[in-house]
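K.L.:
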Amino acid sequence: MEHQIIKLPPQDFYKKCSDIWDTVKHEQFAKQFEQELYSGNRIAYIYQIDGENIAEISIVFDTDDPDYTIEKKRAYISHLVVKHEYRRKGIGRELVRFIIDKAVEMGYKELSIGVDLNNYPAIKLYVDCGFDKVIFIGKDEQGEYLKLLKIISPREEVKINDSQSIYNR
Ligand SMILES: CC(C)(COP(=O)(O)OP(=O)(O)OC[C@H]1O[C@@H](n2cnc3c(N)ncnc32)[C@H](O)[C@@H]1OP(=O)(O)O)[C@@H](O)C(=O)NCCC(=O)NCCS
Numbered sequence: 037m038e039h040q041i042i043k044l045p046p047q048d049f050y051k052k053c054s055d056i057w058d059t060v061k062h063e064q065f066a067k068q069f070e071q072e073l074y075s076g077n078r079i080a081y082i083y084q085i086d087g088e089n090i091a092e093i094s095i096v097f098d099t100d101d102p103d104y105t106i107e108k109k110r111a112y113i114s115h116l117v118v119k120h121e122y123r124r125k126g127i128g129r130e131l132v133r134f135i136i137d138k139a140v141e142m143g144y145k146e147l148s149i150g151v152d153l154n155n156y157p158a159i160k161l162y163v164d165c166g167f168d169k170v171i172f173i174g175k176d177e178q179g180e181y182l183k184l185l186k187i188i189s190p191r192e193e194v195k196i197n198d199s200q201s202i203y204n205r
């Protein structure tokens, strides 16, 4: 089985994401998602196996919540979903690692995520991936949730002589 992670072109949003989640039932969110793709505020990646759309993850750069995004410093992971029959195979973890690498490449220092307090699989996954700071515990109309943070800034390399180097801690 061949798998790949592709960047989602905005014009393919409905075609590809409808394979993964119900864009009709979640119409309002789907519209916001598409708008953000077109504006460049969101980049989404699709995990494909043999060309089939299996999972997705996004990075969002600007939200109205300073816990989630800080310009050029903190970005937000949004909408990680793996199709039911493909769960527990390591795809979620691979996508989280992938998006962390992308955020580092883009120069971000921190990544945030919001997760429902009763979503144990997702909390376990994020904590395992280093989202080890709880910056908020609260409640909204959808229930109790956490905001988690991961510091992703690469450690600076310090030269100690011409042939050796160590890393700052
Ligand atoms: C959360 C979700 C993305 C995880 O994706 P996944 O591909 O199944 O996750 P992985 O197989 O990579 O699992 C990685 C780790 O997460 C944890 N985990 C994932 N699913 C779990 C479950 N059902 N129960 C307990 N731990 C779980 C485990 O620690 C797992 O590592 P392990 O398999 O070595 O024990 C998936 O369950 C999903 O799409 N859920 C619905 C959408 C959702 O809730 N998204 C998160 C929104 S914040």
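Be aware that the sequence shown starts at 37, since it is given in my numbering, and climbs by one per residue. Every residue gets a Cβ at the ideal spot worked out from N, C-alpha and C, and that includes glycine. These numbers come from a predicted model, not from an experiment.
Beta carbon of Val96: closer than 7 Å to some heavy atom of ligand 1?
P.N.:
At a threshold of 7 Å, Val96 does not count as near ligand 1, since its beta carbon sits no closer than that to any of the ligand's heavy atoms.
K.L.:
Expressed to the nearest angstrom, what Euclidean distance is found between the alpha-carbon atoms of Ile106 and Val140?
P.N.:
15 Å
K.L.:
Report the CB separation of Glu70 from Phe49 in whole angstroms; it is logged as a contact under 8 Å.
P.N.:
5 Å
K.L.:
Residue range of the beta strand (DSSP E) that Tyr181 falls in?
P.N.:
179–187
K.L.:
Who are the Cβ neighbours of His39 in its own chain at under 6 Å, not counting the five residues just before and after it?
P.N.:
Ile85
K.L.:
Give me the DSSP bridge partner(s) of Ala139.
P.N.:
For Ala139, which the question treats as bridged, DSSP gives no partner whatsoever.
K.L.:
Can you tell me whether Ser75 is helix, strand or coil according to DSSP?
P.N.:
Under the three-state reduction of DSSP output, Ser75 falls in the helix class.
K.L.:
Spell out the partners DSSP gives Glu146 in its beta bridges.
P.N.:
Arg110, Ile187
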